[in-house]
Structure formats: C-alpha cells, structure tokens
Amino acid sequence: MSKKNRKILLYIVAVVASIFLLVGLIVILSTNDHGKKQEGKIGKNNYKIVTGKEYEDATVITNDTLKKEHCLDDICIKNLTIYYFNDYNSIELDILNKGLKSATGYMKVVFGDLERTVAYKDLKQNGEIHYIIQLDKVKVPNTDDFSIRSLTKEEEKRIKG
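Be aware that the sequence shown starts at 2, since it is given in the numbering used here, and climbs by one per residue.
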C-alpha cells in the first residue's frame, strides 16, 4: 500500500471515528435526566416540589401527610397532589373503597376554607380510581393537610336536584 493510500485510509478512519464519537455524545446528552422529574424539599412541611416535562410550567406540591389515607367510613382518599400551573390549578387524588360492597356517593375534600366535592360511582370493593379536581386559578389556602367530610343534606339535595 502506498503512502498516499495509507493517508487516505487513516483520514477516513479518523472521520468515521469522529462521527461515531459525536453521535454517541449526542445520544448521551439527549437521554440525560431532562425528561425525569426533579424533586426538591422546601418549607417546614417538607413539600416535594416536582418539575419535569410531564408538568411543564407547573409547581407540584405533595408531602407525606397529603399522600396518607384519609378515610370517611369505607371510602378513603390518598396520594393527593396539588398542581399550580400558569393558567389553572388542580388537585389529583386516588379514591379507594375499603368496604365489602360496591359504593357510589359524594364527599367533600376540605383545605381550610376551600371545599371541593368528589364523586365516585360503582367503586368496587378494594377498587381505586384516580380523580382530578379543577380549581381554575384558585389556590389551595392550606397545603399542610386536608380533611374529608360527608355532604350535608342540603348539599346532597342540590347535587341530586
């Protein structure tokens, strides 16, 4: 093989190796933790503030107390998370039926002065559903903890018509 052919071959190998290195670097950087949620603890209640692609432009508030089961008879609410977005806010939670039969009904989720009605229908024994409460631009006044309560007869009457 002549010197000229060796130089050309060496140049081609160097270019191909550089391309592989560049592609590998791009793949590594693009799969870095950009899509994963990032969590940080702040505040006296150890809120977990979560950000990521799934919650773009949102602040997500949760803590151990908000995740804990809060029960009214056999119906429990757990894994409550508050989402603050630029245009609206929402609360997500799971409703669990610990009773011996299917359940249908309503309950109120209470954060200080803010109360929202939660409805569940034909929730099977040990069944669980994910529920979202839209708050528009309303913010939750007390995110330390929440309580649940039954609807009053007047509230039930308004719902059922």
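Even for Gly, the Cβ is constructed at its ideal location relative to N, Cα and C. Since the model is a prediction, treat every value here as computed from it, not as a measurement.
Here the alpha carbon of K102 sits roughly 11 Å from the alpha carbon of I76. Among the bridge pairs identified by DSSP, R150 is matched with K109.
The beta carbons of I130 and V110 sit about 14 Å from each other, so the pair does not count as a contact at 8 Å.
Looking at the backbone, the Cα of V28 and that of T60 are separated by about 29 Å. DSSP, read as helix, strand or coil, puts E157 in helix.
Across the structure, V119 and I134 are spaced so that their CA atoms are roughly 8 Å apart. In this structure T82 is not in contact with E70, their Cβ atoms being roughly 14 Å apart against a cut-off of 8 Å. Assignment of L124 by DSSP, reduced to helix, strand and coil, places it in the strand class.
Between the beta-carbon of D58 and that of F86 there is about 6 Å, and that keeps the pair under the 8 Å contact cut. For D95, there is no enclosing alpha helix (DSSP H); the enclosing beta strand (DSSP E) covers residues 90-98. Listed in chain order, the non-local C-beta contacts of G100 below 7 Å within the same chain comprise D75, Q126, local neighbours out to five positions each way being set aside. The beta carbon of Y84 is closer than 6 Å to those of A59, V61, S91 in its chain, skipping five residues each way along the sequence. Rounded to whole angstroms, D95 and L26 show a C-alpha spacing of 41 Å.
In this structure, S151 lies away from L97, with their beta-carbon atoms at least 9 Å apart. With a beta-carbon spacing of about 12 Å, D145 and T63 fall beyond the 8 Å limit used to define contacts. With contacts defined as CB atoms closer than 9 Å, V141 and L115 qualify as a contacting pair. Going by beta carbons, N143 and G113 fall inside the 9 Å limit.
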